[in-house]
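Anchor point for the sequence shown: position 169 equals 216 in our numbering, and the numbering is continuous, going up by one each time.
To start, the structure itself, in structure tokens.
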Amino acid sequence: MQLNRLVHFHKTLGDKTRIRIIALLKGGPLHGQAIAGKLGLTPPTISHHLSKLREIDVVYQRREKNTIYFYLDEKKLERMAGAILMIGGDEMFNFQVDDQEKVRVIKNFTLPDGRVKTLPAQRKKKLIILEYMLRGIEQGRVYSEKEINEHIRQFHEDFATVRREFVMCQFMFRKNGQYELNPKEMWPL
């Protein structure tokens, strides 16, 4: 996930009809005709707004016989709405000691001086090591490619691969050779 996705999410919710639809769906699933009737709008208008809400994954649909019902994904809505509060938070770099798997993976793939021996092939382990290598990168600060390379070299010699993985795994956002951390809620872990 990128910062642009968070901006798109908030722009999409910035419509009073969509907010009214979310409020209706909070009470339970409804079909499009029922939503149109309750809001006093035409079914095509409701379809348009529902498609926008499906784009940001806060609404999903299920077919029951010949009727399509729309459901609110409250957890996704809460997570995305809360993501903006994480921008600038230092807590995203603190590994929890009780997270035994992260601790074990970091221990297995790092040397005593903190450098990374090798990038794991398994995706889950690779994500843990990439997150580990983000320690010291400040949320909200824009870094040049050279600065990111220097930071990565503290952990691993192949800075180009790691830098590319940071972006591909959506830990960071890159534009015009400038790098910035995405909010933690946008990270794949």
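Where a beta carbon is used, it is the ideal one built from N, C-alpha and C, also for glycine.
Just so you know, these numbers come straight off a predicted model, no measurement behind them.
> Which term fits Val106, buried or exposed, when burial requires 16 or more other beta carbons within 10 angstroms of its beta carbon?
Replying inline: Its Cβ being crowded by 16 or more others within 10 Å, Val106 is buried.
> Buried or exposed: Pro230, going by 16 or more other Cβ atoms within 10 Å of its Cβ?
Replying inline: In this structure Pro230 is buried. Its beta-carbon is surrounded by 16 or more other beta-carbon atoms within 10 angstroms.
>> Let me make sure I understand the geometry here. Which of Gln147, Ala168, Met180, Tyr226 has the alpha-carbon closest to that of Thr157?
In response: Of the listed residues, the one whose Cα sits closest to Thr157 is Met180.
> Under three-state DSSP, which class holds Thr89?
Replying inline: The three-state reading of DSSP puts Thr89 in coil, since its state is none of H, G, I, E or B.
> Hey, quick one: how far does the beta strand (DSSP E) through Lys73 stretch, first residue to last?
Replying inline: Per DSSP, Lys73 belongs to no beta strand (DSSP E); it is in the alpha helix (DSSP H), 63–73.
> Secondary structure at Ile184, three-state DSSP: helix, strand or coil?
Replying inline: The answer is coil: DSSP assigns Ile184 none of H, G, I, E or B.
> For Glu194, which of Cys216, Tyr226, His203 has the nearest alpha-carbon?
Replying inline: Among Cys216, Tyr226, His203, the Cα nearest to that of Glu194 is on Tyr226.
> Rounded to a whole number of angstroms, what is the C-alpha to C-alpha distance between Val150 and Leu97?
Replying inline: In this model, Val150 and Leu97 are separated by some 42 Å (Cα to Cα).
> For Ser94, which residues of its own chain have a beta-carbon under 8 Å away from its beta-carbon, when the five flanking residues on both sides are left out?
Replying inline: So the qualifying residues of the chain are Gly79.
> Name the DSSP beta bridge partners of Lys222, please?
Replying inline: As DSSP reads the structure, Lys222 sits in a beta bridge with Gln225.
>> Quick check: what's the CA-CA separation for Glu220 versus Gly183?
In response: Correcting the residue identity first, residue 220 is Phe in this sequence and not Glu. Straight through space, the alpha carbons of Gly183 and Phe220 are spaced by roughly 16 Å.
> Mapping DSSP to helix, strand and coil, what is His198?
Replying inline: Helix at His198.
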